[in-house]
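Working notes, beginning with the structure itself.
2 protein chains.
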Amino acid sequence: MSTTRLTIKDVAARAGVSKAAVSLAFNNKPGVSEATRAHILETARAMGWEPNLSARSLAAGSGTVGLAVCRPARQLGLEPFYMEFISGIESVLTERSSALLLRLVRDLDEEIELQRHWWKSGQIAGSVLVDLREDDPRIAELSRIGLPAVAVGHPSLTGPFAALWTDDAGAVGEAVRYLAALGHRRIARVGGAPELGHSIIRSGAFSAVMAESGLEPGRQTATDFSGEDGARATRSLLASADRPTAIVYDNDLMAVAGLSVATEMGLRVPADVSLLAWDDSQLCELTHPNLSAMSRDVHAFGAEAARTLYGVLSGARPEPRAVHTPVLTPRGSTAAPPPG
Amino acid sequence: MSTTRLTIKDVAARAGVSKAAVSLAFNNKPGVSEATRAHILETARAMGWEPNLSARSLAAGSGTVGLAVCRPARQLGLEPFYMEFISGIESVLTERSSALLLRLVRDLDEEIELQRHWWKSGQIAGSVLVDLREDDPRIAELSRIGLPAVAVGHPSLTGPFAALWTDDAGAVGEAVRYLAALGHRRIARVGGAPELGHSIIRSGAFSAVMAESGLEPGRQTATDFSGEDGARATRSLLASADRPTAIVYDNDLMAVAGLSVATEMGLRVPADVSLLAWDDSQLCELTHPNLSAMSRDVHAFGAEAARTLYGVLSGARPEPRAVHTPVLTPRGSTAAPPPG
């Protein structure tokens, strides 16, 4: 295969015009006739040449979207949420013939430096910011440089950026009230990474709704969202003297792992213990029994994030919007607690 | 937030030098003293300015890697293989502070056009080509334009590109011989998308090794790799008069779905039917019983693809290499067939 590159000079020579004429034709500027412009574009196309546009106009023209994710690489491939979220973004980008520039970062400082570089050097038209923390340093740093972005998180976390969020507190309330209505008194929660804004919101909502329902404070465990951590947390909960009769998980991967642990420990789901998953990817319908879940369409959520960003890029200033709030989808893993 | 952009003129003014001097300093060219160069770079850094490099030098310098995947967006988020493969690529890119330009395409013509555009306009340093077909049109078109790439597929499919593959035929042989050694005579295979090169290789190997083992030709079903299709195929196989006593799946998602279908139909795994998964993501260890699988480290496979591409970019001409060939990992879903 040859790696010889055609230049604008080659195109000009073949078309029998000056280099300047080629440039005018491609930049759609006056100075060449319509017939000449058509001839030049056709010649270039036939030769397989495209102008080496500036990075900025490329990114703006092609609408490349940046996404930096601060998670270990292995985990990205295992947790359904991100993959579905990314696939949702891609579904909108594909319609627009745009692409996603994806990078894993080790910490938020690296992400700030990266987003700054992507934006200043013109590699992206805008970004989707995810996994917002309390007092997230990205908000000040990236709004200061004018990065167009949509921030996926509660408006209390997203500063001046367009915010897209799901009502986590409301969903936690619905989950706990459902289990309490079934008769559960000892409800535990296997939460996600404790530094994330939505973990803090869910954790606070869980405590509050347990108290409102007149229940003892339920045990809450933090994890890294992995199946392994979910299994460990479940084993610890189910081995305790006052083991819970119901467990709410912060994603579905951990709930699938929890189901396996319950079976391994000789407990029947849901007769002995009820399990309630979160996010509800296809996984929940692949287990036996199928997992009850707080369902939301993560793919559609990703698509909405991309559409909101393109809105921002066209000059919209969208209000913060709660979308795709998880709804209770009861399946085979939740029932009344065992008697006594 | 302000979107005013600094220009090279602003930097030159602040540093008290000419625009040409700023350009020389950033391009590391002679014509400015070391002290002046340092002063200019420091001034630009303090102002938050970076040169608007050409797209080509950006892509080359930052080593952006292109990946186009011809699968429906929803499926990308559900099938563990791609997510783990992408996470493996990202693990190598992160070490190099590079990013992945990811795009879903509807067909190979769209991919050819996209790769051509990415390469000609300088948005990528090279690409990873996946899901190769027999007589894949990408091979001729993309080698003709000199795109640096690694092609993930058997060397019979990859033309002049650096090839990285797994020995699918060998792995299918190992799977069938293992099940035959356990005593199975009726073995079925739930395969993937029939147009893919590796599906064709696995399908041919399955027929050949069944014949070699003196077994009746096993039934083979094509699917789209989804859990839903895997469940449908399993239901059809297990409802048939001469139902197989063992089923080999082309990924793990379909095997998980198959396990659920067997349970739903009142069949015990492995006492009544053995199930053998492929690829072996974390999913296989989350089910009960755990799924036996032809395991390979898909994350490491993705990382190897990225490293091979960077080798190609540094001028290497790597030999085709079979890596991470699946190895049999027996767990709880395979055993001797039921008597009779």
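So the protein sequences, as listed, match chains U and D.
Okay, so the first sequence: first residue is 692 according to the numbering used here, each after it adds one.
Okay, so the second sequence: first residue is 692 according to the numbering used here, each after it adds one.
Think of the CB as a built atom: it goes at the ideal place given N, C-alpha and C, for glycine as much as any other residue.
(request) Report the neighbours of D:His990 on chain U: residues whose CB is nearer than 8 Å to its CB, in chain order. (result) Ala764, Arg765 and Gly768
(message) Measuring straight from C-alpha to C-alpha, what distance separates D:Arg877 and D:Arg934?
(response) 8 Å
(request) Using a Cβ-Cβ cut-off of 8 Å, state whether D:Gly844 counts as contacting chain U. (result) no
(message) Between which residues of its own chain and U:Arg705 is the CB-CB distance below 7 Å, once the five residues before and five after are set aside?
(response) Thr734 and Met738
(request) Step through the CB atoms of chain D and report whether any lies within less than 8 Å of the CB of U:Gln806. (result) no
(request) Using the Cα positions of D:Pro1030 and D:Arg880, report the straight-line distance between them to the nearest angstrom. (result) 21 Å
(message) Can you check whether the C-beta of U:Ala948 is within less than 8 Å of a C-beta belonging to chain D?
(response) yes
(message) Within a Cβ cutoff of 7 Å, which residues of the same chain sit near D:Val708, ignoring the five residues on either side of it in sequence?
(response) Thr727 and Ile731
(request) Note down, in chain order, each residue of its chain lying with its Cβ closer than 8 Å to the Cβ of D:Leu966, except the 5 sequence neighbours on either side. (result) Ala937, Ile938, Tyr940, Ala946, Gly949, Leu950, Ala953, Val960, Leu982, Ser983, Ser1024 and Thr1025
(request) Using alpha carbons as the reference points, say which of U:Asp943, U:Ser788 and U:Lys710 lies closest to U:Arg987. (result) U:Asp943
(message) Run through chain U and tell me which residues come within less than 8 Å of D:Ser782, C-beta to C-beta.
(response) Ala764, Arg765 and Leu795
(request) Check the Cβ-Cβ distances between D:Ala790 and every residue of chain U, and say whether any is below 8 Å. (result) yes
(request) Within the same chain, show all residues whose beta-carbon is closer than 8 Å to that of D:Ala996, passing over the 5 residues directly before and after it, in chain order. (result) Phe776, Gly779, Ile780, Val819, Val841, Val843 and Leu855
(message) Tell me the rounded alpha-carbon separation between U:Glu725 and U:Ala716.
(response) 9 Å
(message) Rounded to whole angstroms, what is the Cα-Cα separation between D:Met985 and D:Leu887?
(response) 19 Å
(message) Less than 8 Å between the beta carbons of D:Gly882 and D:Arg868, yes or no?
(response) no
(request) In angstroms with no decimal places, state the Cα-to-Cα distance between U:Ala991 and U:Val783. (result) 10 Å
(message) Using 8 Å as the threshold, is the C-beta distance between U:Thr682 and U:His1015 below it?
(response) The requested residue 682 of chain U is not part of the displayed model; chain U covers only 692 to 1031.
(request) With a threshold of 16 other CB atoms inside 10 Å of the CB of U:Lys811, please say whether the residue is buried or exposed. (result) buried
(request) Determine the chain U residues that contact D:Gly739 at a beta-carbon separation under 8 Å, and present them in chain order. (result) Arg807, Lys811 and Ile836
(message) As a quick exercise: from D:Cys975, D:Ser1005 and D:Asp970, pick the residue whose alpha carbon is nearest that of D:Pro1017.
(response) D:Asp970
(message) Comparing C-alpha positions only, which one of D:Val760, D:Leu769, D:Glu770 and D:Leu792 sits nearest to D:Glu802?
(response) D:Val760
(message) Runs of 3 residues minimum, wholly inside the segment 837-900 of chain U: which ones carry the beta strand (DSSP E) assignment?
(response) 840-843, 853-856 and 878-881
(request) Could you tell me whether any Cβ in chain U is nearer than 8 Å to the Cβ of D:Thr1016? (result) no
(request) Kindly list, in the order they appear in chain D, the residues whose Cβ is closer than 9 Å to that of U:Ile938. (result) None at all; the shortest Cβ gap to chain D is about 15 Å.
(message) For U:Glu864, would you say it is in contact with chain D, using Cβ-to-Cβ distances shorter than 8 Å as the test?
(response) A quick correction: the sequence has Gly, not Glu, at residue 864 of chain U. With 8 Å as the cut-off, U:Gly864 does not count as an interface residue toward chain D.
(message) Below 7 Å on C-beta distance, what does D:Leu977 contact in chain U?
(response) Gly918, Val947, Ala948 and Ser951
(request) Given a cut-off of 8 Å, decide if U:Met956 and U:Leu929 are closer than it, judged by their beta-carbon atoms. (result) yes
(request) Note down, in chain order, each residue of its chain lying with its Cβ closer than 6 Å to the Cβ of U:Leu873, except the 5 sequence neighbours on either side. (result) Ala1027
(message) Could you check whether the Cβ of D:Gln911 sits closer than 8 Å to any Cβ belonging to chain U?
(response) no
(message) Relative to the C-alpha of D:Gly768, which candidate in D:Val756, D:Phe916 and D:Ala968 has its C-alpha closest?
(response) D:Phe916
(request) Report the residue ranges of all alpha helix (DSSP H) runs contained in full by the segment 907-948 of chain D; include only those spanning at least 4 residues, in chain order. (result) 918-929
(request) Determine whether the Cβ of U:Pro771 lies closer than 8 Å to any Cβ atom of chain D. (result) yes
(request) Measuring only between beta-carbons, confirm whether U:Glu775 sits less than 8 Å from chain D. (result) yes
(request) Please classify U:Val989: does DSSP put it in a helix, a strand, or coil? (result) helix
(message) Assuming D:Ala968 is part of the beta strand (DSSP E), what are its boundary residues?
(response) Ser965 to Asp970
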